[in-house]
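Worksheet: one structure, shown below.
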């Protein structure tokens with residue numbers, strides 16, 4: 007049988023601050039990854055020929 011938890015011992019402000027810090031780090035890492043992929047895509051992207059752009063516009 008488990009012992010009941012005493013929630014009054016938990017510092018919710020500290021937990022929230024830790025979660026917000028971790029979330030901030032995850033968002034920053036996600037943004038860095040996105041910028042990296044975007045830079046790679048721009049580096050290897052092949053320009054679309056003019057006739058193909060025109061065909062897309064007509065479709």
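In the working numbering, the protein residues as written are 7 to 65. Glycine is no exception: its CB is placed at the ideal position from the N, C-alpha and C atoms.
* Alpha carbon to alpha carbon, how far is residue 45 from residue 21? Give it in angstroms, no decimals. => 36 Å
query = If you follow the alpha helix (DSSP H) that residue 34 is part of, which residue opens it and which one closes it?
reply = 18-50
Practice problem: Check whether the Cβ of residue 33 lies closer than 8 Å to any Cβ atom in chain D. | Solution: Among the protein chains of the structure shown there is no chain D, as only one such chain exists.
| message | Only counting the same chain, and skipping five residues up and downstream in sequence, which positions put a Cβ closer than 7 Å to that of residue 63? | response | none
Original post:
On the three-state DSSP scale, how would you describe residue 12?
Top reply: coil
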